[in-house]
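Q: I'd like to ask you about the structure that follows.
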Amino acid sequence: MKQTFDVIVVGAGYIGCSAAYHLCKAGLKTALVEQGPPAAGASRANYGNIQIQDMELEKSSDMIQLARTRFAHLEEELGNKVGLRQISGLLTIETESQWKLMETRRSTVSTCGIFSELIPAEHLREVEPLIDPSGLLGALYHAHEGQVDPFKLIWSYLVAARRLGLQEYYQTPVTGFALNSGRIEGVQTSQGFLSAGCIVLCSGAYTAQLGQMLGCEWDIHYILGQALVTEPFDLLLRSHIASASFFEPAENEEPGTVRANFAISQSPHGHLLMGEAMYEAYHFKRHVPFQSLSSVSASVTNYFPVFSKLRILRSWSAPVAHTADSCPLLGPSSRYQGLFLAAGFRSTVIVTPLIGETVAGLVTRGKLEFDISNFLPERNNYAH
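Heads up: the sequence shown is residues 1 to 384, going by the working numbering.
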């Protein structure tokens, strides 16, 4: 098999599917290549939350502010419902140090025009009636976040892209790259060679592996995150709720050490999404350690004992990409002409529509709506 395209997108998660759609919309002959089925990586394990409070504060505020505007007409553009609904966000605070972190966060996001407020424990039930505030000092509250059905969103991008001519290659790992005098010319896959003058890596946690094939050591690594889902129940939760401990400096832990941070949402279908446990790993195995199940369950029932009788239907594990500065790898590679990256986003759902547009703008050399200089793949000179 040898096929020729204008651009090849590697990775069929949130970002890859959005990028494929927007590239097709721009009139480019586009291929989407994925080593498994669609949403095979972290996207299949995502809660679907459109989070604003989770953003990296120093460099990402312009991107997030712009990204949040893209959901108003998204369903109309894609011609499909994606389960879009408004919910609030709540970051629970257990210690004085977390309170100080959240006060700094509240102050910073307010300068971006995002309203948040610190709510003391005795008033938490006014915004989230089911919570047991015992042991909490309070929470950082943001009233205007949102949620989508992850699979409906990804599927809607794919269906819309197919109408515009997208070619899809699933169960098709990339095994190498064709290079010529510093320019990318295509990818070798398990199904043969695909030729293109532009390659976009939307490959999440697998980006470092692909970089090794190119002799690049991009600043991106991953953890394995675990979560659980319960039987459905009447829609009761008003917020996506997570612990402020997510924003505390991470300790250096041995690979395989399970760490649990409280995070829950209720899906649009009524299931309780419970997480998340995580550990540093050097593999992509999808098993869920028993310790993760008990740690996550305990963290949830500690503040929501009303959920203690819910039956857990399944659990999962997925590799979640991270960068040292919490900023994505976004933009052209300085080493290879025609190579672009869009990976390692801290909160992916909120940026999904915008980043698809941005990738298409980069490939077609159009104007971008925000500055990506802080996100360039080789910003820290990791390529050699």
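We put the CB at the ideal spot given by N, CA and C, even for glycine. What you are looking at is a predicted structure, and each value in this text was computed from that prediction instead of being measured.
1. What residues are listed by DSSP as bridge partners for His-22?
2. Compare the Cα-Cα distances from Thr-364 to each of Ala-40, Gly-331, Glu-248, Arg-335 and report the closest residue.
3. Glu-378: buried (16+ other C-beta within 10 angstroms of its C-beta) or exposed?
4. How many whole angstroms separate the CB atoms of Leu-118 and Leu-90, which I take to be in contact at a CB cut-off of 8 Å?
5. Specify the secondary structure class of His-123 as computed by DSSP and reduced to three states.
6. Go through the segment 319-380 residue by residue and report every complete run of the alpha helix (DSSP H) that reaches 4 residues or more, in order.
7. Smallest Cα separation from Leu-235: which of Tyr-222, His-221, Pro-268?
8. Expressed to the nearest angstrom, what Euclidean distance is found between the alpha-carbon atoms of Thr-404 and Ala-277?
9. Let me check understanding here. Comparing Cα to Cα, which of Leu-32, Thr-358, Ile-355 lies closest to Thr-189?
10. Using the Cβ count rule (16 or more neighbours within 10 Å means buried), how would you classify Glu-138?
11. Please classify Gln-171 as buried or exposed, where buried requires at least 16 other C-beta atoms within 10 Å of its C-beta.
12. Rounded to whole angstroms, how far is the Cβ of Ser-265 from the Cβ of Leu-237, which I believe are closer than 8 Å?
13. Please state whether the Cβ-Cβ distance between Val-351 and Ile-223 is less than 9 Å.
14. From Ser-243, Tyr-157, Leu-272, pick the residue whose C-alpha is nearest to that of Arg-259; which is it?
15. Do Leu-158 and Ala-20 count as a contact pair if the criterion is CB distance below 9 Å?
16. In the DSSP output, which residue or residues are listed as bridge partners for Ile-87?
17. Taking just the CA atoms, how far does Ala-178 sit from Tyr-382?
18. Within this structure, are the beta carbons of Gly-48 and Gly-11 separated by less than 9 Å?
19. Give me the Cα-Cα distance between Leu-210 and Arg-335, rounded to the nearest whole angstrom.
20. Given Thr-348, which residues of its chain have a CB within under 6 Å of its CB, disregarding the five upstream and five downstream residues?
21. Could you check which residue in Gly-338, Thr-358, Val-7 has the C-alpha nearest to that of Asn-180?
22. Write down every uninterrupted run of the beta strand (DSSP E) in the segment 236-300 whose length is 3 residues or greater and which is fully enclosed by it, in chain order.
23. For the beta strand (DSSP E) that contains Pro-150, what are its first and last residues?
24. Locate the beta strand (DSSP E) running through Ser-97, then write down its first and last residues.
25. Which residue from His-142, Ile-241, Gln-212, Leu-23 puts its Cα closest to that of Ser-107?
26. Counting C-beta neighbours from all protein chains within 10 Å, is the total for Glu-369 16 or more, i.e. buried, or is it exposed?
A: This is what the structure holds:
1. Here residue 22 refers to the residue found at position 22 of the sequence shown. None; His-22 has no bridge partner.
2. Mapped onto the sequence shown, residue 364 falls at position 364. Considering only alpha carbons, the answer is Gly-331.
3. The residue labelled residue 378 in the question sits at position 378 within the sequence shown. Per the 10 Å Cβ criterion, buried.
4. Position 118 of the sequence shown, counting from 1, holds the residue named residue 118. Position 90 of the sequence shown, counting from 1, holds the residue named residue 90. No, Leu-118 and Leu-90 are not in contact; Cβ-Cβ is about 11 Å, not under 8 Å.
5. For the purposes of this step, residue 123 is identified with residue 123 of the sequence shown, where counting begins at 1. Three-state result, His-123: helix.
6. 348-363
7. The residue you call residue 235 lines up with position 235 of the sequence shown. The shortest C-alpha separation from Leu-235 is found at Pro-268.
8. Coverage of the chain is limited to positions 1 through 384, which leaves residue 404 absent and any answer about it impossible.
9. Within the sequence shown, the letter at position 189 stands for residue 189. Nearest C-alpha to Thr-189: Leu-32.
10. The residue you call residue 138 lines up with position 138 of the sequence shown. A quick correction: the sequence has Gly, not Glu, at residue 138. Result: buried.
11. One-based indexing of the sequence shown puts residue 171 at position 171. With fewer than 16 other Cβ atoms within 10 Å, it is exposed.
12. Counting from 1 along the sequence shown, the entry for residue 265 is found at position 265. Counting from 1 along the sequence shown, the entry for residue 237 is found at position 237. Between Leu-237 and Ser-265 the Cβ distance is about 7 Å, and since that is below 8 Å, they are a contact.
13. Residue numbering aside, residue 351 sits at position 351 when the sequence shown is read from its first letter. Residue numbering aside, residue 223 sits at position 223 when the sequence shown is read from its first letter. No, the Cβ-Cβ distance between Val-351 and Ile-223 is not below 9 Å.
14. Translated into positions along the sequence shown, residue 259 becomes position 259. When each option's Cα is compared against that of Arg-259, the closest is Ser-243.
15. In the sequence shown, counting from the first residue as 1, residue 20 sits at position 20. In the sequence shown, counting from the first residue as 1, residue 158 sits at position 158. Yes, the pair counts as a contact, with Cβ atoms nearer than the cut-off.
16. Along the sequence shown, one-based indexing puts residue 87 at 87. Answer by DSSP bridge pairing, in chain order: Glu-145.
17. Mapped onto the sequence shown, residue 382 falls at position 382. Mapped onto the sequence shown, residue 178 falls at position 178. Note that Tyr-382 scores 44 on pLDDT, short of 50, meaning its location in the model is unreliable; the coordinates nonetheless yield the value given after this. Going from the Cα of Tyr-382 to the Cα of Ala-178 covers about 21 Å.
18. For the purposes of this step, residue 48 is identified with residue 48 of the sequence shown, where counting begins at 1. For the purposes of this step, residue 11 is identified with residue 11 of the sequence shown, where counting begins at 1. Contact flag unset, no.
19. In the sequence shown, residue 210 corresponds to position 210, counting from 1. In the sequence shown, residue 335 corresponds to position 335, counting from 1. Taking the straight line from one Cα to the other gives about 14 Å.
20. Along the sequence shown, one-based indexing puts residue 348 at 348. Contacts found: Tyr-14.
21. Start at 1 with the first residue of the sequence shown, and residue 180 comes out as number 180. Nearest option by C-alpha distance: Gly-338.
22. 239-243, 259-266, 271-280
23. As a working mapping, residue 150 is identified with position 150 in the sequence shown. Careful: Pro-150 lies outside any beta strand (DSSP E), inside the alpha helix (DSSP H) at 150-163.
24. Walking along the sequence shown from the start, residue 97 turns up at place 97. From DSSP, Ser-97 is part of no beta strand (DSSP E) but of the alpha helix (DSSP H) over 96-111.
25. Position 107 of the sequence shown, counting from 1, holds the residue named residue 107. Residue His-142 is the option with its Cα nearest to Ser-107.
26. Working through the sequence shown from its first residue, we reach residue 369 at position 369. Burial call: exposed.
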